[in-house]
Amino acid sequence: ALLYVVILVFLARLDATKPYSIRSALMFILSPRDLRALSLLKRLDVTKSIKEEKEVIQALKDSPSSLSTENIIQKLKSPSFEIRVKALDAFHSLPVDENVKEALISEVKNHPFTTAYIAADILGERGITEAVKPLRQVIRSSDYFLAGKSMVALAKLKDEESVPEIASIVRETQNPRLIIHGAKALEYFRSAESIPDLLLKLKQKSFPFIRDEIILAIAGINGMASWFYLFYAAFLEKGSTGILMLKDEVTDEKKALPSQYRERCVQMLEFLLNHDSAFCEQVFLLLSDLRQAEFAMTEGIRSVFHGLTFPKIIKLERYRFLAAGTMIFALKNPD
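Below is the structure:
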């Protein structure tokens, strides 16, 4: 009898305008998450301030339930930018159905310069492939936030057809945000063909953090992102520390480099900071030895060394460290 009373109380909380089936109603009752969502939705109906509304939406995000979806979609029509942002943020965790997909795609199409870029990010993150076509249409939008997020979203959705257009944007643009997001997208695609374009961006005068993103993207394309990152972070903190860590990799007894390359790599690293011409000479000698030994390198690995033919790129310590790291990675991972 007590259980029956409890069931009646919670059934009364359901929205009377919605045709819940008996099975659905019972499922809601048996799910603590759905019960919390019901309570929050009731509270959402009577909120009296933007602050309170934001708090309830955040709580609904933290307790994802299919019950919340329609109400959150309605909040995308709010005149408050903050409320719309909170509502979109909830879709990072709420269940995705056809209505959610349509709402997010509509945001991308109809709300540039406001919340469209957030929707683009969610579409990629949640793997909503129906969004590929609308995302393609906005990667050249004058809303740089939207264009950047859309490039990354297309990469997460594995839309290989968009690679040439994204590479073209990276090649042409001077906008830092587009360069960073374009490079990240090309990294997701593992697009070895785009490495020469990324290297050429290093020639241009830009902020150090942009060059860092390009270098990390190139490392990611070559499948050495997590390995290289620790060395690179140490190098940026103190150049000699990063170089010493690479030397340890060269001489590591557990997986030391072949003896015929070990000494040459150590010399290459010793010249890295202050002798760019001597550094390049050692790299070219290594490459020559590898060709004679018919050492197999991927196209992406080989492409990194194309930067050695550009004086402006060679002068960048960041690039020289990338070249040295790539050489050592290739020698330690011949497969």
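Take 507 as the starting number for the sequence shown in the numbering used here and just add one per residue. The C-beta atom is built at its ideal place from N, Cα and C for all residues, glycine as well.
Item                                                                                      : Value
DSSP-derived helix/strand/coil call for residue 552                                       : Since pLDDT at residue 552 reaches only 46, below the 50 mark, its modelled position is unreliable, and the value read off the structure follows with that caveat. Three-state result, residue 552: coil.
Distance between residue 697 and residue 775 (C-alpha atoms, nearest Å)                   : 28 Å
Inter-residue Cα distance where the pair is residue 573 and residue 579                   : With a pLDDT of only 49 at residue 573, under the threshold of 50, the placement of this residue in the model should not be trusted, and no figure is reported.
Beta carbon of residue 613 nearer than 8 Å to that of residue 596                         : no
Anticipated Cβ contact below 8 Å, residue 829 with residue 816, distance rounded          : No, residue 829 and residue 816 are not in contact; Cβ-Cβ is about 12 Å, not under 8 Å.
Environment of residue 788 [buried if 16+ CB atoms lie within 10 Å]                       : buried
Best match in 669, 733 and 805 for proximity to residue 835 [C-alpha to C-alpha]          : 733
Boundaries (first-last residue) of the alpha helix (DSSP H) holding residue 782           : 782-798
Distance between beta carbons of residue 701 and residue 809, contact taken as under 8 Å  : 4 Å
Length of the line joining the Cα atoms of residue 770 and residue 672                    : 38 Å
Residue 589: first and last residue of the uninterrupted alpha helix (DSSP H) it sits in  : 587-596
Segment limits, alpha helix (DSSP H) that includes residue 687                            : 682-695
8 Å Cβ cutoff met for residue 615 and residue 709                                         : no
Rounded Cβ spacing between residue 779 and residue 823 (contact assumed at less than 8 Å) : 7 Å
Beta-carbon proximity list for residue 827, same chain, < 6 Å, skipping 5 on both sides   : 741
Inside the segment 606-633 only - alpha helix (DSSP H) runs reaching at least 4 residues  : 622-631
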